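Structure, as structure tokens:
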Amino acid sequence: MKEIIIYTPTITSRHIYVFKLIFEEICHVGYELVDKIDLFQSSEKIKINYSRNRMSNDEIFVEADGLLSSRDIIEVDLNFFKENNKEYLFRTTQDSSYLHDIFSSVFYLVSRYEEYLPHLKDQFGRYLASESIAFKKGFLRKPVVNIWIQEFVCFIKDFASTLEVKTASFSYISTIDIDNAYLYKGKGFVRTIALIVRSLLNLDFKNIRFMFSIFFERRKDPFDTYSFQFNLQKKYNIDVRYFILLGDYGLNDKNLSYSNSNVISLIKRLSDLALVGIHPSFRSNDGINILQKEIARLEDIQKRAVFFSRQHFLQLSLPETYKRLISLGITEDFTMGYASELGFRAGIASPFSFYDLDMEQPLSIKVYPFSITDDILKFNLQLNVEDVQNEIAEIIEAVKRINGTLISVWHNDTFSNFGVWKDWKNVYEDMIKQIIYKDENN
């Protein structure tokens with residue numbers, strides 16, 4: 000049943016996209032979008048007038064900024080403001096029923112409009128978190144899109160108490176990247192000799208003995224943490240997805256060969272207990288044929304289609320990366336997040352279809368944004384293990400309040416309790432406890 004009717008003078012693909020995202024995909028509310036005034040005014044449904052001028056008092060008039068009517072990709076005045084300690088974009092005038100243009104606000108963040116504008120990049124060619132409006136205005140760790148939608152729904156309900164909204168449930172997805180399946184095991188003759196020589200040059204005889212104990216299978220490889228992960232998955236009934244790097248060896252791609260028997264056995268073991276997706280190599284950005292080869296390798300090993308991915312090094316170039324993935328059958332991607340900051344790159348804690356601003360159309364790929372990453376906690380924020388849970392608590396609670404989808408990024412070596420990850424083995428489980436047990440008490 001369509002409970003809401005929305006009027007806008009000229010319907011564009013941007014309008015269609017953002018109304019579908021808000022009302023259908025997140026709120027699960029039926030709506031009708033029209034550009035005929037007589038149809039709008041004669042309707043008995045809840046009326047939302049999204050234009051420049053109010054028509055009557057029996058409507059919710061959201062004053063349109065104009066972003067959704069445009070086909071340009073240019074610098075726009077975001078009219079940022081704060082009210083009741085909450086952040087908003089696109090402030091409206093006093094004649095508007097609502098305090099800001101929520102539709103332009105949602106579209107601006109979710110489409111990653113700002114990433115199409117001139118901006119600085121890091122050494123790997125990635126968009127910098129510090130370039131974003133969310134970072135600059137201090138709301139990167141808030142799922143503001145969901146918050147805005149939640150507030151707007153409450154406003155509509157106050158206006159028309161008949162509105163029925165299906166409340167989503169909070170969900171958690173644990174994602175684990177395998178950049179380097181094993182530290183020493185199965186490295187092959189040349190790489191093993193190089194490791195031994197390096198230890199000899201450093202006079203690190205203890206490490207040489209340690210390596211040989213692994214070579215002769217007297218000790219488990221430090222990065223072989225998979226049984227520990229599987230036990231946690233079973234213990235807490237976690238939705239886990241793995242992303243494995245199968246690119247050829249290179250400067251930024253250092254996993255074992257896809258043909259290595261240890262890797263093949265691992266992938267088969269992983270795919271028996273969880274979903275396994277591709278972790279496109281750094282080099283795969285050089286050509287679609289490279290990515291195609293890597294996907295084929297995984298499909299050949301696990302004997303099932305590969306439909307989801309996350310870019311190695313979080314290499315995300317919009318919209319080219321998504322177009323490349325779609326052309327090879329990838330329908331879900333988990334790269335939407337920053338390599339240097341916790342939080343919500345697209346301002347949202349729900350999976351969403353991506354909108355291609357170049358072609359002015361939605362793409363057939365579902366984006367799953369992550370907000371918590373082990374590397375950021377350890378290397379960027381330089382946290383001690385005892386400080387991690389407090390640092391991520393605000394993000395976890397924020398996603399729960401809006402009944403969103405919380406996604407974390409971990410790596411198999413983070414569980415190792417070895418090297419730089421000493422004392423970090425239990426941080427993941429402590430995070431899971433915070434997510435699950437606090438959720439049960441809410």
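Once you know that position 222 of the sequence shown is 221 in numbering that gives the first Met the number 0, the rest is easy, because the numbers rise by one and skip nothing. Beta carbons: idealized from backbone N, C-alpha and C, even for Gly. These figures come from a predicted structure and were not determined experimentally.
Item                                                                                                                             : Value
At least 3 beta-carbon pairs within less than 8 Å: the segment 69-87 vs the segment 318-332                                      : no
Residue from Ser415, Leu200, Pro221, Phe353 whose Cα sits closest to the Cα of Ser12                                             : Phe353
Rounded separation between Gly342 and Ser283 - CA only                                                                           : 26 Å
Nearest to Leu315 (by Cα), restricted to the options Leu67, His278, Leu20, Gln93                                                 : His278
First and last residue of the uninterrupted beta strand (DSSP E) at Tyr354                                                       : 351-355
Residue closest to Asp64, alpha-carbon to alpha-carbon, out of Cys26, Ser104, Leu38                                              : Ser104
Cβ separation of Ser339 and Asn379, assumed to be a contact under 8 Å, to the nearest whole Å                                    : 5 Å
Ile148 and Ile21 closer than 7 Å at C-beta                                                                                       : yes
Lys233, enclosing alpha helix (DSSP H) - first and last residue                                                                  : 225-235
Own chain partners of Asp93 with C-beta closer than 6 Å, once the 5 adjacent residues on each side are dropped                   : Sequence inspection shows Gln at residue 93; the Asp mentioned does not correspond to that position. So the list is empty, once near-sequence residues are dropped.
Extent of the continuous alpha helix (DSSP H) to which Phe154 belongs                                                            : 143-158
Under 7 Å between C-beta atoms of Thr161 and Phe414                                                                              : no
For Tyr6, the three-state DSSP class (helix, strand or coil)                                                                     : strand
DSSP three-state assignment for Leu405, whether helix, strand or coil                                                            : strand
Asp332 and Ser308 closer than 7 Å at C-beta                                                                                      : yes
Delimiting residues of the beta strand (DSSP E) encompassing Asp238                                                              : 238-243
Nearest residue (CA-CA) to Ser270, options Leu405, Lys46, Arg303                                                                 : Arg303
Backbone secondary structure at Glu331 - three-state DSSP                                                                        : strand
In chain order, each beta strand (DSSP E) run of at least 3 residues that lies wholly inside the segment 239-312                 : 274-277
Nearest to His99 (by Cα), restricted to the options Glu62, Glu298, Gly346                                                        : Glu62
Beta-carbon spacing of Tyr49, Ile5 below 7 Å                                                                                     : yes
Residue closest to Met430, alpha-carbon to alpha-carbon, out of Val408, Val419, Asp412, Trp420                                   : Val408
Simplified DSSP state of Arg217, which is helix, strand or coil                                                                  : coil
Contacts around Ser96, its chain only, beta-carbon distance under 6 Å, and the 5 residues preceding and following it disregarded : Ile59, Phe60
Proximity below 7 Å, CB of Ile237 to CB of Ser173                                                                                : yes
Closest residue to Ile73 among Glu114, Asp37, Glu43, Arg51 (Cα-Cα distance)                                                      : Glu114
C-beta atoms of Ala159 and Leu255 nearer than 7 Å                                                                                : no
Chain-order list of residues whose beta-carbon lies under 6 Å from that of Gly249 (same chain, five-residue window excluded)     : Arg282
Nonlocal neighbours in the same chain, by C-beta distance under 6 Å from Glu31, ignoring five residues either side               : Lys1, Ile4
CB contact flag (Lys141, Ala348, <7 Å)                                                                                           : no
Same chain only: Cβ atoms within 6 Å of Phe123, ignoring 5 sequence neighbours per side                                          : Phe312
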